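Beneath this line is the structure, given in structure tokens, with notes to follow.
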Amino acid sequence: MITGVFDDVPEGQEFPYVTLGDAVETPDNDHGGFGRESVMDIHVWTRERGHSQGADIANQIIRLLDHQALLIDGWRHIVTRYLRQQAMRDPDPEIRHRVLQFLVITAQE
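Under UniProt numbering, think of the first position of the sequence shown as 1, with each following residue one higher.
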């Protein structure tokens, strides 16, 4: 379905692929310890004239992450929630781009 998941996309990478985007983290501490709420962006890139391929990939990512247990070293995963999705056109008319946003809540072990 995709050619890879990247933090930094290699030059000449074939489409479609997924990139890890920005993250905003805020403390979610309580009297018992430290916690975090992280809002994370995941980008889907396709080279299709329509949006169906990007939507299919985005829906698969949502199925894999939304309300699924994650293993995070040193942290207890509380929940991952799908927040929103935006489909957009790239300046290159052949490229379609989607941004998915997830909330990840964790507590320090």
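For each residue, glycine too, the CB sits at the ideal point set by N, CA and C.
This one's a predicted model, so the numbers in the text were calculated from it and none came from an experiment.
Restricted to the segment 35 to 107, the alpha helix (DSSP H) segments that are unbroken, complete and at least 4 residues in length are 52 to 65, listed in chain order.
Listed in chain order, the non-local C-beta contacts of M1 below 8 Å within the same chain comprise P16, D56, I57 and Q60, local neighbours out to five positions each way being set aside. For G32, the three-state secondary structure derived from DSSP is coil. Apart from the 5 residues on each side of it in sequence, T106 sits with its Cβ closer than 7 Å to the Cβ of G35, R36, I72, W75, R76, H77 and I78 in its chain, given in chain order. G21 and R84 have their C-alpha atoms spaced approximately 14 Å apart. At the C-beta level, R98 and V44 come within 7 Å of one another. Inclusion of E14 and T3 in the CB contact set at 7 Å is warranted, their separation being smaller than that value. Per DSSP, the continuous beta strand (DSSP E) segment holding D22 begins and ends at Y17 to P27. Within the same chain, H77, T80 and V104 come within 8 Å of L70 by CB-CB distance, once the 5 residues on both sides are set aside. Non-local C-beta neighbours of Q53 in its own chain, meaning closer than 8 Å and more than five positions away in sequence, comprise P16, T46 and R96, ordered along the chain.
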